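Trainee:
2 protein chains.
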Amino acid sequence: MSNDTEPEEPVGKLEVWCAGKEWCPVTTTSSLICKKWHPVIIHRLLEHGPSGFNELKENVDGISSKVLSDSLEDLGEKQLVDREIISEKPFRVQYSLTPHGESLEEIIYAMQEWGLEHLTEPSEKSSSLV
Amino acid sequence: MSNDTEPEEPVGKLEVWCAGKEWCPVTTTSSLICKKWHPVIIHRLLEHGPSGFNELKENVDGISSKVLSDSLEDLGEKQLVDREIISEKPFRVQYSLTPHGESLEEIIYAMQEWGLEHLTEPSEKSSSLV
DNA sequence: CTGAATCCTAAAGGATACTG
DNA sequence: CAGTATCCTTTAGGATTCAG
Chain P
-13 MSNDTEPEEP VGKLEVWCAG KEWCPVTTTS SLICKKWHPV IIHRLLEHGP SGFNELKENV
47 DGISSKVLSD SLEDLGEKQL VDREIISEKP FRVQYSLTPH GESLEEIIYA MQEWGLEHLT
107 EPSEKSSSLV
Chain V
-13 MSNDTEPEEP VGKLEVWCAG KEWCPVTTTS SLICKKWHPV IIHRLLEHGP SGFNELKENV
47 DGISSKVLSD SLEDLGEKQL VDREIISEKP FRVQYSLTPH GESLEEIIYA MQEWGLEHLT
107 EPSEKSSSLV
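Chains as they are written, first to last, in my numbering: chain P, -13 to 116; chain V, -13 to 116.
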């Protein structure tokens, strides 16, 4: 146990299998979060904090219930997102980032900044890149 | 001045369509680079510089020719990677990052650092997360 | 050797409708 | 409110084969 200037990371590292012969942090990180909606979902949870399903669906503008549900399940399995039932009577659920999920903020904000810097909305007439 | 080998962001922003009603930099950035192998390919091009096809295939350990070829084509369409034919006789091609591609390094290295910090290779006995 | 083209299967993702 | 359940289309990706 060396220095501990950083906030406590109580859980251990996530064990993630790698495609190639030698384990690679880029390959494996990519395998965790490089799905179409994952970065956006994580971003919205970072921005708005713990959210209910429909609240999240609102914020992740453009996603369908099915895909949001699937994505959250996947993120749950990967231990990046937690799901908590906060009420049974009016059934309510809350999604939040785990410590590992929170720690993705550097990546997510790097993506956001890059997008702001390098991308733009297509103008009316030009139908460009996907 | 004004010669070909000028980096320095001469090009404008890339026009990228967004799924939701309001354009979002995270959503759109995600749509560009969040494919299984894209971050790794970009990472290897950052690390090793312009590379030939098989050199790249070596470095992107675990990828098949077909998938590498498809991925490079996709990255080419998105103007993140350039393809240059450097020899016809022994047919040789060189792939390199465009200025926009290079500028992804913050994101890619953020992913690398995160992976090193939060992920680990599965131990022998435990078959864990994908 | 170089890389590209085929074939095929497995996922991912979207539209819609419907439950407790 | 918080999802499932279907259905369906598209895409990703792996194995293999082909061509220069």
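Every residue, glycine too, gets a C-beta built ideally from N, C-alpha and C. These numbers were taken from a predicted model, which means no experiment stands behind them.
So, does the segment 8 to 15 of chain V touch the segment 26 to 35 of chain V, judging by three or more C-beta pairs under 8 Å?
Mentor: Result no; under three Cβ-Cβ pairs closer than 8 Å.
Trainee: Quick one: which residues of the segment 66 to 78 of chain P get their C-beta closer than 8 Å to a C-beta of chain V? List them in chain order.
Mentor: The segment 66 to 78 of chain P vs chain V, Cβ under 8 Å: nothing.
Trainee: Could you work out which residues of chain P lie near Thr14 of chain V, taking near to mean beta carbons separated by less than 7 Å?
Mentor: Those are Gly101, Leu105, listed as they occur along chain P.
Trainee: With distances taken between CB atoms, is the gap from Gln80 of chain P to Gly38 of chain P smaller than 8 Å?
Mentor: Yes, the pair counts as a contact, with Cβ atoms nearer than the cut-off.
Trainee: Measuring only between beta-carbons, confirm whether Gln98 of chain V sits less than 8 Å from chain P.
Mentor: Cβ-Cβ to chain P under 8 Å: yes for Gln98 of chain V.
Trainee: Which of the three DSSP states, helix, strand or coil, is assigned to Ile49 of chain P?
Mentor: Coil at Ile49 of chain P, not helix or strand.
Trainee: Could you name the residues that DSSP lists as bridge partners for Glu92 of chain P?
Mentor: DSSP, once it has assigned bridges, lists no residue as partnering Glu92 of chain P.
Trainee: For the structure I just gave you, are there three or more beta carbon pairs, one from the segment 88 to 103 of chain P and one from the segment 93 to 101 of chain V, closer than 8 Å?
Mentor: Output reads yes: the segment 93 to 101 of chain V touches the segment 88 to 103 of chain P.
Trainee: How many Å lie between Asn45 of chain V and Lys22 of chain V at the Cα?
Mentor: Their backbone Cα atoms lie some 15 Å apart in a straight line.
Trainee: Cα-Cα, which of P:Pro85, P:Glu59, P:Ser51 is closest to Gly35 of chain P?
Mentor: Measuring from the Cα of Gly35 of chain P, the nearest candidate turns out to be P:Pro85.
Trainee: Under the rule that 16 or more other beta-carbon atoms within 10 Å means buried, what is Leu0 of chain V, buried or exposed?
Mentor: Classification of Leu0 of chain V: buried, given that the 10 Å Cβ count is 16 or more.
Trainee: Work out the CA separation of Lys64 of chain V and Ile19 of chain V for me, nearest whole Å.
Mentor: The straight-line gap from Cα to Cα measures roughly 9 Å.
Trainee: Taking 8 Å as the CB-CB cut-off, is Leu83 of chain P touching chain V?
Mentor: Output row for Leu83 of chain P: interface = no.
Trainee: Give me the residue from P:Ser50, P:Ser73, P:Leu61 with the minimum Cα distance to Ser82 of chain P.
Mentor: When only C-alpha atoms are compared, the closest one is P:Leu61.
Trainee: Where does Val12 of chain V sit, in a helix, a strand or coil, going by DSSP?
Mentor: It is helical.
Trainee: Quick one: residues in its chain with C-beta nearer than 6 Å to the C-beta of Ile70 of chain V, no 5 flanking neighbours on either side, listed in chain order?
Mentor: Residue identity check: residue 70 of chain V is Glu in the sequence provided, not Ile. So the list reads Gln80, once near-sequence residues are dropped.
Trainee: Report the rounded CA-to-CA distance for Val(-3) of chain P versus Leu66 of chain P, giving the unit in angstroms.
Mentor: Each residue's Cα considered, the two are about 12 Å apart.
Trainee: In chain P, which residues lie with their C-beta within 7 Å of the C-beta of Ser56 of chain V?
Mentor: Just to set this straight, residue 56 of chain V is Asp in the shown sequence, not Ser. Here the premise fails: no neighbours, minimum Cβ distance about 14 Å.
Trainee: Taking only beta-carbon atoms, is Pro25 of chain P less than 8 Å away from chain V?
Mentor: True, the Cβ-Cβ gap to chain V drops below 8 Å.
Trainee: Identify the continuous beta strand (DSSP E) that holds Leu66 of chain V and give its terminal residues.
Mentor: Careful: Leu66 of chain V lies outside any beta strand (DSSP E) and carries neither H nor E.
Trainee: For a quick check, are the C-beta atoms of Trp100 of chain V and Thr106 of chain P less than 8 Å apart?
Mentor: No, Cβ-Cβ distance for Trp100 of chain V and Thr106 of chain P is not below 8 Å.
Trainee: If contacts are defined as beta-carbon pairs under 8 Å, then Trp3 of chain P and Pro108 of chain V qualify, I think. What distance do you get, rounded to the angstrom?
Mentor: That pair is a contact at about 5 Å.
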